[in-house]
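One structure is given here, and the rest of the page talks about it.
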Amino acid sequence: MTKERIRVENIIKLFGESAQAGLKLLQAGRGKDEIHDETGAVLGLDNVSFTVNEGEILVVMGLSGSGKSTMLRCINRLIEPTSGSIKVDGTEVTTLTKQQLVDFRREKFGMVFQHFALFPNRTIAENVEYGLEVQGVARKIRRQKALEAIELVGLKGWADKLPGQLSGGMQQRAGLARALAVNADILLMDEAFSALDPLIRRDMQDELGTLQRNLKKTVVFVSHDLDEAIHLGGRIVLMKDGAIVQSGYPEEILLNPQGDYVRRFVEHIDVSSVVTLGYLASRGIPGLFEQSKACEAYPIIQDKEGQGFIVTCDRNMPVGRVSRDALSATTSQNMPLASLMLRGVQTAPARTILKEVLPKLAQEPEGIAVVDDDGRYLGLITQSAALRAISGSTGIAETHELTGETPWIGQSPNSRWTDTVTSSSAG
Ligand SMILES: Nc1ncnc2c1ncn2[C@@H]1O[C@H](COP(=O)(O)OP(=O)(O)OP(=O)(O)O)[C@@H](O)[C@H]1O
Ligand SMILES: [Mg+2]
1 MTKERIRVEN
11 IIKLFGESAQ
21 AGLKLLQAGR
31 GKDEIHDETG
41 AVLGLDNVSF
51 TVNEGEILVV
61 MGLSGSGKST
71 MLRCINRLIE
81 PTSGSIKVDG
91 TEVTTLTKQQ
101 LVDFRREKFG
111 MVFQHFALFP
121 NRTIAENVEY
131 GLEVQGVARK
141 IRRQKALEAI
151 ELVGLKGWAD
161 KLPGQLSGGM
171 QQRAGLARAL
181 AVNADILLMD
191 EAFSALDPLI
201 RRDMQDELGT
211 LQRNLKKTVV
221 FVSHDLDEAI
231 HLGGRIVLMK
241 DGAIVQSGYP
251 EEILLNPQGD
261 YVRRFVEHID
271 VSSVVTLGYL
281 ASRGIPGLFE
291 QSKACEAYPI
301 IQDKEGQGFI
311 VTCDRNMPVG
321 RVSRDALSAT
331 TSQNMPLASL
341 MLRGVQTAPA
351 RTILKEVLPK
361 LAQEPEGIAV
371 VDDDGRYLGL
381 ITQSAALRAI
391 SGSTGIAETH
401 ELTGETPWIG
411 QSPNSRWTDT
421 VTSSSAG
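Structure, rendered in structure tokens:
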């Protein structure tokens, strides 16, 4: 079961003394500039809502000034939202008292910033210990926990060095270790890797993914870089002028960018190297059970497109293909599909990116059967679906409401395709 960790609802942030006056104008339907001209208040967040599930990385993206940091900082109230609700594990954060908030932050959140924010005169270990020190954890225990976190981020042997003796990438690791040491399982990361060289940055993204999966961390990650967001693999919330303009998995955003702002973000990305087969597979026709008879299977495909259909075994694994003609022929009405089908069918796992399967797909006019991690049939990927995706005219990928029922919400990207559709085969 997917567990919701963070629920942000209708968050509005107006900066400035006259935030409340600004809020009234906003509620009366007035725009950012008008509000600013009349009250001096700056609209930072405009009715932002999203959820984050356990073990998920949610990437908050957008150009500079779009409100990413403001949104992230509202989650633990480093910035006070002007109105709206933020629930973390069911607790309404916006109404916590000062002391409750201090305790709540310690218990729930680790934070990693772009510029490391390490104390220059403390050793790496002392920096990493800092959060535990504040919590009043005994010296010996906090050192031990700090060393564990330092090892986790690959900095073993550097505990007694000063930050100035480490490279930028290593300092960023130390920043991550500090967030991990407090054992809070929600990480709030603001452009955490932006200061790093591209290669080191990629390493850190990979490591974050591994840590997140192994330690089951829930991560909200701010970035202005779509490549980074795609690589991290979670859902994306794309912001503009303090509001969410689009949200969804990278595939959804790439295949159906809503509006020019989003389109400009995605135009340099090679769709075929991002979109997975699981996403493109057509799920309209279930696998036809090999023991069912032609007269039972035919009604299932009668009004469907295509000439060939996938036949599956009792464990819903593709075993062959049967043609429309064979199914409709009067002579074959009572024959089981097993005796009508052509045995053998090309399959590919749902998590495969389109690019990898293109050569194989080019050889298969009838398409390739897409399967989950256990080899069970999910749907068919055809040459035309692949071409439509590459040419940016799929029309198949509808962007799901962020808080709506996307089938994969809250699952790590790699577990998205392990769910199987139950075969409603004619058996
Ligand atoms: N303390 C503040 N007072 C007034 N306006 C602010 C304040 N902090 C942020 N803003 C405004 O709120 C908007 C969003 O800022 P924010 O820092 O969240 O953007 P960002 O998306 O994180 O940008 P960047 O990528 O540059 O970090 C901007 O228009 C900014 O000018
Ligand atoms: Mg920022």
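For the sequence shown, the UniProt record's numbering begins at 1 and goes up steadily by one. Glycine residues also receive a C-beta, built at the ideal position from the N, C-alpha and C atoms.
Item, Value
"Cα-Cα separation between Thr420 and Asp372, rounded to whole angstroms", "Interpretation of Thr420 is limited by its pLDDT of 35, a score under 50 that renders its predicted location unreliable; no figure is taken from the coordinates."
"Contact check, Pro318 vs Tyr377, beta carbons under 8 Å", "yes"
"CA-to-CA distance, Ala19 to Ala146, given in whole angstroms", "41 Å"
"Test item: CB-CB of Ala192 and Val112 under 8 Å", "yes"
"Residue 431 vs Ile310 beta-carbon contact at 8 Å", "Absent from the model: residue 431. The displayed extent of the chain is 1 to 427, so no value can be given."
"Check: Lys13 C-beta below 7 Å from any heavy atom of ligand 2", "no"
"Lys355: CB within 7 Å of a non-hydrogen atom of ligand 2", "no"
"Environment of Leu232 [buried if 16+ CB atoms lie within 10 Å]", "buried"
"Close-in-space but distant-in-sequence residues of the same chain around Val274 (CB under 7 Å, 5 per side omitted)", "Ile230, Pro250, Glu251, Leu254 and Ile353"
"Chain-order list of residues whose beta-carbon lies under 8 Å from that of Ser83 (same chain, five-residue window excluded)", "Asn10, Ile11, Ile12 and Leu23"
"Beta carbon of Ser332 nearer than 8 Å to that of Ala326", "yes"
"Start-end ranges of the alpha helix (DSSP H) lying completely within the segment 71-135, minimum 4 residues", "98-108 and 124-134"
"Anticipated Cβ contact below 8 Å, Gly5 with Val88, distance rounded", "In the sequence under discussion, the amino acid at residue 5 is Arg, which differs from the Gly named in the question. The pair is a contact, with the Cβ atoms about 7 Å apart (cut-off 8 Å)."
"Outcome for Glu38 when other beta-carbon atoms lying within 10 angstroms are tallied against a minimum of 16", "exposed"
"Sufficient close CB pairs (3 or more, under 8 Å) joining the segment 197-206 to the segment 42-50", "no"
"Beta carbon shell of ligand 2 at less than 7 Å from a heavy atom", "Lys68, Ser69, Asp190, Glu191 and Val222"
"Near ligand 1: His36 beta-carbon under 7 Å from a heavy atom", "no"
"Residue burial classification, Ser223 (beta-carbon count within 10 angstroms, cutoff 16)", "buried"
"Any non-hydrogen atom of ligand 1 closer than 7 Å to Ser62 Cβ", "In the sequence as presented, Ser is not what sits at residue 62; that position holds Gly. Checking every heavy atom of ligand 1 against the Cβ of Gly62, one is found closer than 7 Å."
"Through-space distance from Ile124 to Lys163, alpha-carbon basis", "In the sequence as displayed, the identity of residue 163 is Pro instead of Lys. Cα to Cα, Pro163 sits roughly 6 Å from Ile124."
"Whole beta strand (DSSP E) elements within the segment 138-194, 3-residue minimum", "186-190"
"Which listed residue (Gln212, Asp227 and Asn183) has its alpha carbon closest to that of Leu199", "Asp227"
"His231 CB to nearest heavy atom of ligand 1 below 7 Å", "no"
"Where Thr210 sits in the DSSP three-state scheme", "helix"
"Beta-carbon separation (whole angstroms), Pro349 vs Lys293, contact threshold 8 Å", "So it is not a contact: roughly 31 Å between Cβ atoms."
"Leu187 vs Val219 beta-carbon contact at 8 Å", "yes"
"Coil, strand or helix - Asp270 by DSSP", "coil"
"Nearest candidate by alpha-carbon position, reference Ala184, set Ser49, Asn76 and Val59", "Asn76"
"Ala177 beta carbon less than 8 Å from that of Leu196", "no"
"Exposed unless 16 or more other CB atoms sit within 10 angstroms - verdict on Arg321", "buried"
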